[in-house]
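Worksheet for the structure shown next.
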Amino acid sequence: MHAVSYFLKNEMNSINNNSDLLYECLFVNTNFSKFTEDTFNFYEDVLCDLIYAYIDGFSQKGTRTKLEKKIKSLEKYIENIPETNVKKRLEKSLFLCVNDKYMYDVSKVETEYKYTEKTFINQQIIKYGKGHFY
């Protein structure tokens, strides 16, 4: 399973790739009612690198813009999940935050943000953050 998630993460994080084909594999014709903790861990493992890529994206022009498009595309797939508990858990990847296994102190990472990037992050947190912060 690790090799599969590693391959999918690499495909998704390739900046020049269109992730819609990957999203279709993960979200179209999937029986979300049968999700287990292992399934959640697999999906979170595949999606978790979005935060790392976004934070590191300041060093290459256009990277964050491309990642924002990928996140917005992912948003459409997650919004169509009929199972509320699955949708709620996977929404975390839409505001650049996943489960405790992948959390770290982003204030210790050297990065820079433009105003538009801060606005994007803020919009995602406003839309999806409620109910996830304790």
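So for the sequence shown, the working numbering puts the first residue at -2; every next one is plus one.
For each residue, glycine too, the CB sits at the ideal point set by N, CA and C.
Please say whether residue j and residue i have beta carbons closer to each other than 7 Å?
{"i": "residue 88", "j": "residue 51", "result": "no"}
{"i": "residue 117", "j": "residue 72", "result": "no"}
{"i": "residue 106", "j": "residue 32", "result": "no"}
{"i": "residue 55", "j": "residue 108", "result": "yes"}
{"i": "residue 90", "j": "residue 23", "result": "no"}
Among residues of its own chain, excluding the 5 on either side of residue i, which ones have a beta-carbon nearer than 8 Å to its beta-carbon?
{"i": "residue 0", "result": "none"}
{"i": "residue 16", "result": "8, 9, 67, 70, 71"}
So the candidates are the options; which of them puts its Cα closest to the Cα of residue i?
{"i": "residue 8", "options": "56, 59, 67", "result": "67"}
{"i": "residue 110", "options": "18, 17, 25, 58", "result": "58"}
{"i": "residue 35", "options": "2, 18, 119, 85", "result": "2"}
{"i": "residue 21", "options": "74, 129, 85, 120", "result": "74"}
{"i": "residue 78", "options": "61, 27, 18", "result": "27"}
{"i": "residue 38", "options": "120, 119, 129, 86", "result": "86"}
{"i": "residue 63", "options": "19, 40, 25, 13", "result": "13"}
{"i": "residue 61", "options": "129, 5, 115, 127", "result": "115"}
Throw me the rounded Cβ distance for the residue i and residue j pair, which I believe falls under 8 Å.
{"i": "residue 46", "j": "residue 10", "result": "5 Å"}
{"i": "residue 80", "j": "residue 30", "result": "6 Å"}
Sorted by chain position, which residues of the same chain lie with C-beta nearer than 7 Å to residue i's C-beta, five sequence neighbours on each side aside?
{"i": "residue 122", "result": "92"}
I need the boundaries of the alpha helix (DSSP H) containing residue i, first residue and last residue.
{"i": "residue 70", "result": "60 to 76"}
{"i": "residue -1", "result": "-1 to 10"}
{"i": "residue 106", "result": "First-last for residue 106: undefined, no H or E at that position."}
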